[in-house]
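Written out below as structure tokens is the structure these notes cover.
Residue numbers (the working numbering): 43 to 274.
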């Protein structure tokens, strides 16, 4: 199990709706330092927060960030985008989304793995309920890929003393979902659940009822998960 008390946390996408809560709640739980990483890092009023320039799509930027933060004990792969890309037609936007949501997370993980191994730390990948159900088109595909990679990373890094956790959540009230007309989670509640799971040593953290329902339905016939197929 990993305690936030006296930890050093790196949060990617720290300027976003979930990211700011990851920063503040890490401090509330006793982190001594939080690296608030973003492409354009903002200033924070708490001197325990260290703004860190990190573009997850730029390997040189990631390597520089890792070199400047060798004391990290917990990495939160929170950076992500949703640009409306589909899995058919022009795939340029889909590639851009994979660069952030999939390859970016793996690049950060690889760069910070030495620090996590040295400190017996933890990695949390922020996924989505849409990693289990394809209604999110290209976004679902990118998160499904990261879910699969997270399972593989768990097998590899657990042998090296690093705990790997995945966070699944439905629609949450952040700028990314501003145009979505549906009930949404409170991001503070999601992050609280995420940190509870990390500290409990959970491998898979389900933040809401919809994530629990969809996960439970994965073993059902495909037509159960996608009832629209029955209308053909």
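No residue lacks a Cβ here, since even glycine has one placed at the ideal position from N, Cα and C.
Can you find the residues in the same chain that come closer than 6 Å, C-beta to C-beta, to residue i, ignoring five residues on each side of it along the sequence?
i           : result
residue 275 : Nothing about residue 275 can be reported from this structure: the residues present for the chain run from 43 to 274 only.
residue 249 : 211, 232, 235
residue 186 : 173
residue 117 : 52, 154, 165
residue 127 : 135, 136, 139, 180
residue 125 : 135, 139
Indicate the three-state DSSP secondary structure (helix, strand or coil) for residue i in the structure shown.
i           : result
residue 246 : strand
residue 39  : No answer is possible for residue 39: the residues shown for the chain start at 43 and end at 274.
residue 116 : strand
residue 159 : helix
residue 150 : helix
residue 256 : helix
residue 127 : coil
Could you spell out where the alpha helix (DSSP H) holding residue i opens and where it closes?
i           : result
residue 264 : 264-267
residue 198 : 180-200
residue 101 : 101-110
residue 60  : 59-70
residue 137 : 134-140
Following a CB-centred definition, is residue i positioned closer than 7 Å to any heavy atom of the ligand FMN?
i          : result
residue 66 : Absence of the ligand FMN from the depicted structure is noted, as is the absence of any ligand whatsoever, leaving it without description.
Under 8 Å between the Cβ atoms of residue i and residue j?
i           : j           : result
residue 246 : residue 43  : no
residue 59  : residue 269 : no
residue 157 : residue 112 : yes
residue 69  : residue 154 : no
residue 178 : residue 136 : no
residue 203 : residue 120 : no
residue 50  : residue 114 : yes
residue 142 : residue 122 : yes
residue 104 : residue 149 : yes
For the beta strand (DSSP E) holding residue i, just list the boundary residues, first then last.
i           : result
residue 168 : 164-168
residue 94  : 91-95
residue 52  : 50-53
residue 207 : 205-210
residue 32  : Only positions 43 to 274 of the chain appear in this structure, which leaves residue 32 out of reach.
Ignore the nearest five residues each way along the sequence and tell me which others in residue i's own chain have a CB closer than 8 Å to its CB.
i          : result
residue 48 : 72, 73, 74
Could you name the residues of the same chain whose beta carbon sits closer than 7 Å to that of residue i, not counting the 5 residues immediately before and after it, in chain order?
i           : result
residue 237 : 46, 67, 71
residue 84  : 57, 93
residue 99  : 141, 142, 146
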